[in-house]
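Participant: The numbering of the sequence shown is the UniProt record's numbering, which starts it at 1 and goes up by one.
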Amino acid sequence: MRGRNLPFSSSMSAQIQRSNRSPLLLFTLSLLALSVLFILVFLSPSNPNPNPTSFHSPISSLKPETSFVVSLEHFLTHKAPKSPPLRDDTAPVAGDVEDASRKLDEALSEAEMERVVRDPYYPLGSPIRVYVYEMPWKFTYDLLWTFRNTYRETSNLTSNGSPVHRLIEQHSIDYWLWADLIAPESERLLKGVVRVHRQEEADLFYIPFFTTISFFLLEKQQCKALYREALKWVTDQPAWKRSEGRDHILPVHHPWSFKTVRKFMKNAIWLLPDMDSTGNWYKPGQVYLEKDLILPYVPNVDLCDSKCLANQQSKRSILLFFRGRLKRNAGGKIRAKLGGELSGADDVLIEEGTAGEGGKAAAQTGMRKSIFCLSPAGDTPSSARLFDAIVSGCIPVIVSDELELPFEGILDYRKIALFVSSSDALKSGWLLTYLRSFSAADIRRLQQNLAKLSRHFVYSNPAQPMGPEDLAWKMIGGKLVNIKLHTRRSQRVVKESRSVCSCDCRRSNFTDSPPSSL
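#1: Give me the residue from 112, 134, 459 with the minimum Cα distance to residue 237.
#2: Can you give the Cα-Cα distance for residue 186 and residue 484, rounded to whole angstroms?
#3: Would you call the region 107-124 in contact with the region 172-184, where contact means no fewer than 3 C-beta pairs closer than 8 Å?
#4: Is the CB-CB distance between residue 177 and residue 251 below 8 Å?
#5: Considering just the uninterrupted stretch of the beta strand (DSSP E) at residue 128, what are its terminal residues?
#6: Note down, in chain order, each residue of its chain lying with its Cβ closer than 7 Å to the Cβ of residue 219, except the 5 sequence neighbours on either side.
#7: On the three-state DSSP scale, how would you describe residue 115?
#8: Grab me the residues of residue 71's own chain with a C-beta within less than 6 Å of its C-beta, minus the 5 sequence neighbours each way, in chain order.
#9: Output needed for residue 270: all residues of its chain with C-beta closer than 7 Å, excluding positions within five of it in sequence on either side, in chain order.
#10: With a CB to CB cut of under 7 Å and the five nearest residues on each side skipped, what residues in its chain are close to residue 334?
#11: Assuming residue 477 and residue 409 form a contact by the criterion Cβ under 8 Å, report the distance between their Cβ atoms to the nearest whole angstrom.
#12: Please state whether the Cβ-Cβ distance between residue 213 and residue 147 is less than 8 Å.
#13: Cα separation between residue 359 and residue 353?
#14: Let me confirm a value: residue 96 is counted as buried when at least 16 other C-beta atoms fall within 10 Å, else exposed. Which label applies?
#15: In this structure, how does DSSP classify residue 70 when only helix, strand and coil are distinguished?
#16: Would a C-beta distance cut-off of 8 Å place residue 181 and residue 234 closer than the cut-off?
#17: Taking all protein chains shown into account, do 16 or more other C-beta atoms lie within 10 angstroms of the C-beta of residue 393, making it buried, or fewer, making it exposed?
#18: Express the C-alpha separation of residue 163 and residue 100 in angstroms, rounding to a whole number.
#19: Starting from the C-beta of residue 274, find all residues in its chain whose C-beta is less than 7 Å away, skip the five residues before and the five after it, and write them out in chain order.
#20: Report back the beta-carbon spacing between residue 301 and residue 388 to the nearest angstrom; my notes put them in contact at under 8 Å.
#21: Whose C-alpha, out of 438, 127, 136, is nearest the C-alpha of residue 81?
#22: Identify the continuous beta strand (DSSP E) that holds residue 324 and give its terminal residues.
#23: Roughly how many angstroms separate the alpha carbons of residue 486 and residue 244, rounded to a whole number?
#24: Can you tell me where the alpha helix (DSSP H) holding residue 476 begins and where it ends?
#25: Considering only the beta carbon of each residue, do residue 453 and residue 416 sit closer than 8 Å?
#26: Give a yes or no on whether the C-beta atoms belonging to residue 199 and residue 76 are separated by under 8 Å.
#27: At the level of alpha carbons, what is the spacing between residue 364 and residue 445?
#28: If you reduce the DSSP assignment to three classes, tell me which class residue 459 lands in.
#29: Please specify which runs of the beta strand (DSSP E), each continuous and at least 3 residues long, are wholly inside the region 191-226, giving them in chain order.
#30: Taking the DSSP output, what are the residues bridged to residue 248?
#31: Pull up the distance between the alpha-carbon of residue 369 and that of residue 260, whole angstroms please.
#32: Using a Cβ-Cβ cutoff of less than 8 Å, which residues in the same chain neighbour residue 306 once the five nearest sequence positions on both sides are dropped?
#33: Please list, in chain order, all residues of the same chain as residue 85 whose beta carbon is under 7 Å from its beta carbon, the five residues on each side excluded.
#34: In whole angstroms, what is the alpha-carbon distance linking residue 69 and residue 491?
#35: Do you know how far the Cα of residue 268 is from the Cα of residue 481?
#36: Less than 7 Å between C-beta atoms, sequence neighbours within five positions excluded: which residues of the same chain meet that for residue 216?
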């Protein structure tokens, strides 16, 4: 190759020598060289589209991992640090906290003023800036390792017979959100939220305490002690004191999570499975839609993708399917009543649930063979069964009068599910008559919508655009202006002001009787 280039090099050298006698020729050659360079760089096949907005990160071509156990194993063995940092975010000594809080407030106010002046779309057009606390490992990595080292112990059950580790998986939203936030930016696909490493740049503060793992895997007194330590650690933070916790995000997705101390953190944004306005799980004034966020359970069954849905279409021979525990407490008592009403009916399959992989397989098979899946209330208004049905392509029939749903500011559940009041569902013969009134076209439309929307309920790593992690931040983004409003209002009120500014017109959710057809 080098030998073949010599004649060209010699010729070019001769031209350059002659160019010393001819400035016009030198100018012409320079233009020619620039033209060749332009063609090679901008029109080369290796860069067919120079538009930077069309660039796709290599990470986007990787298949996302949707199994909590598999994802956690990979994270702990390949990505997690091997030892704690030399310094975490533990607050300074008591005498310095107030001063630190005041300085942080000044820095945040100055940064926000700069963004108001500089960005005409702030705060709606900007990514949410989240500071993730560096907590001591006993609140974070140690708990993840505890789960990883014990999850094969399937004999570990709750008092009502539910597998503990399966429950942790169902409520593992804290892991999925945290794993995305702390990933290197080059490995992330979500652009609506970014992690910042300086508190004075943050819109919100994320508390990475794995409350569900600690509740189920620690001894009772050990868990309570850890909860008290976590409470003190967080509430001692200058950022918490500045806003009284209003801009802090607290994942408490299992209704028992953090239950003994969470009343002291009621100003924070709670990430919940539902609201349960009956008061069985949350006390009045602790949770409400304007402040908190409902997130879907992690499905127990595998996603039935478009190919799976096509294959199952002709096999859906069961009209209505339910598999689960029929004896539940509180609002879940309706399960036993529905079981008694529906059992033995034609084209209906009602089964008592069983734990373990066999129970999971039976539930998945039953949902994929059914047109409608019954989703009644359990101990709480919601259950993982609703989201199992959605990812299985089985139309949910929701019988839960107090239910609140995730992402309802973005998604219209009337397009994928049926809502039936408890009183109607318990009328003799009413529910099956109602379901049989739907035409094939109505059913097909609902199934097509399920196929389109099921991806919004599948957690993954890396988190996917329009997946549940992404929709969570979109919903939180809608609360951001109100969070700042109440934070600033609390900082400027005088003693004659109302200490609490609230709306008295809220009412609990209720379900109307459904129409006879779509």
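Using N, Cα and C, we set each Cβ at its ideal position, and we do this for glycine too. As the structure is a prediction and not an experimental result, all values here were calculated from the model.
Facilitator: By the coordinates alone:
#1: Position 237 of the sequence shown, counted from the first residue, corresponds to residue 237. Cα-wise, what sits closest to residue 237 is 134.
#2: Indexing the sequence shown from 1 puts residue 186 at position 186. Indexing the sequence shown from 1 puts residue 484 at position 484. Approximately 30 Å, taken between the alpha carbons.
#3: no
#4: Within the sequence shown, residue 177 is the residue found at index 177, counting from 1. Within the sequence shown, residue 251 is the residue found at index 251, counting from 1. In this structure, residue 251 lies closer than 8 Å to residue 177 by Cβ.
#5: Locating residue 128 in the sequence shown gives position 128, where the first residue counts as 1. From DSSP, the beta strand (DSSP E) with residue 128 extends over 128-132.
#6: In the sequence shown, the residue the question calls residue 219 occupies position 219. Taken in chain order, the list of residues that qualify is empty.
#7: On the sequence shown, residue 115 is found 115 positions in, with the first residue counted as 1. It is helical.
#8: The residue given as residue 71 occupies position 71 in the sequence shown. Within the same chain, residue 71 has close Cβ partners 65, 461.
#9: Translated into the one-based positions of the sequence shown, residue 270 becomes position 270. For residue 270, where only same-chain residues beyond five positions count, the Cβ hits under 7 Å are 250, 252, 287, 292.
#10: Taking the first residue of the sequence shown as 1, we reach residue 334 at position 334. Excluding residues within five positions, the ones whose Cβ falls inside 7 Å are 376, 377, 399, 422.
#11: The residue you call residue 477 lines up with position 477 of the sequence shown. The residue you call residue 409 lines up with position 409 of the sequence shown. Wrong, their Cβ atoms sit about 10 Å apart, outside the cutoff.
#12: Residue numbering aside, residue 213 sits at position 213 when the sequence shown is read from its first letter. Residue numbering aside, residue 147 sits at position 147 when the sequence shown is read from its first letter. Going by C-beta atoms, residue 213 is nearer than 8 Å to residue 147.
#13: The sequence position of residue 359 within the sequence shown is 359, counting from 1. The sequence position of residue 353 within the sequence shown is 353, counting from 1. Rounded to the nearest angstrom, the two C-alpha atoms are 6 Å apart.
#14: Within the sequence shown, numbered from 1, the residue matching residue 96 stands at position 96. With fewer than 16 Cβ atoms within 10 Å of its Cβ, residue 96 is classed as exposed.
#15: By one-based count along the sequence shown, residue 70 stands at place 70. In this structure, residue 70 counts as helix in the three-state DSSP scheme.
#16: Walking along the sequence shown from the start, residue 181 turns up at place 181. Walking along the sequence shown from the start, residue 234 turns up at place 234. No, the pair does not count as a contact, with Cβ atoms beyond the cut-off.
#17: The residue labelled residue 393 in the question sits at position 393 within the sequence shown. Buried, by the Cβ-count rule.
#18: In the sequence shown, the residue the question calls residue 100 occupies position 100. In the sequence shown, the residue the question calls residue 163 occupies position 163. Residue 100 and residue 163: Cα-Cα distance of roughly 45 Å.
#19: Translated into the one-based positions of the sequence shown, residue 274 becomes position 274. So the qualifying residues of the chain are 294, 380, 381, 382, 403, 404.
#20: In the sequence shown, residue 301 corresponds to position 301, counting from 1. In the sequence shown, residue 388 corresponds to position 388, counting from 1. Going by Cβ atoms, the distance from residue 301 to residue 388 rounds to 5 Å, so yes, they are a contact pair.
#21: For the purposes of this step, residue 81 is taken as the residue at position 81 of the sequence shown. The option with the nearest alpha carbon to residue 81 is 136.
#22: Counted from its first residue, the sequence shown places residue 324 at position 324. First-last of the beta strand (DSSP E) with residue 324: 318-324.
#23: Counted from its first residue, the sequence shown places residue 486 at position 486. Counted from its first residue, the sequence shown places residue 244 at position 244. Those two C-alpha atoms are separated by around 10 Å.
#24: Locating residue 476 in the sequence shown gives position 476, where the first residue counts as 1. Counting along the chain, the alpha helix (DSSP H) containing residue 476 begins and ends at 468-492.
#25: Indexing the sequence shown from 1 puts residue 453 at position 453. Indexing the sequence shown from 1 puts residue 416 at position 416. It is a contact, given that the beta carbons lie within the stated cut-off.
#26: Counting from 1 along the sequence shown, the entry for residue 199 is found at position 199. Counting from 1 along the sequence shown, the entry for residue 76 is found at position 76. In this structure, residue 76 does not lie closer than 8 Å to residue 199 by Cβ.
#27: Position 364 of the sequence shown, counting from 1, holds the residue named residue 364. Position 445 of the sequence shown, counting from 1, holds the residue named residue 445. Those two C-alpha atoms are separated by around 22 Å.
#28: Translated into the one-based positions of the sequence shown, residue 459 becomes position 459. Residue 459: coil per DSSP, three-state reduction.
#29: 193-196, 204-206
#30: Locating residue 248 in the sequence shown gives position 248, where the first residue counts as 1. Per DSSP, 205.
#31: Residue numbering aside, residue 369 sits at position 369 when the sequence shown is read from its first letter. Residue numbering aside, residue 260 sits at position 260 when the sequence shown is read from its first letter. Rounded to the nearest angstrom, the two C-alpha atoms are 42 Å apart.
#32: As a first step, residue 306 must be located in the sequence shown, where it is residue number 306. Contacts found: 451.
#33: Start at 1 with the first residue of the sequence shown, and residue 85 comes out as number 85. Closer than 7 Å at the Cβ level, and outside the excluded window around residue 85, lie 134.
#34: Here residue 69 refers to the residue found at position 69 when the sequence shown is read from its first residue. Here residue 491 refers to the residue found at position 491 when the sequence shown is read from its first residue. C-alpha separation (whole angstroms): 44 Å.
#35: For the purposes of this step, residue 481 is taken as residue 481 along the sequence shown, with counting starting at 1. For the purposes of this step, residue 268 is taken as residue 268 along the sequence shown, with counting starting at 1. Answer to the nearest angstrom: the Cα atoms are 15 Å apart.
#36: Numbered from its first residue, the sequence shown carries residue 216 at position 216. These residues qualify, in order along the chain: 164, 167, 168.
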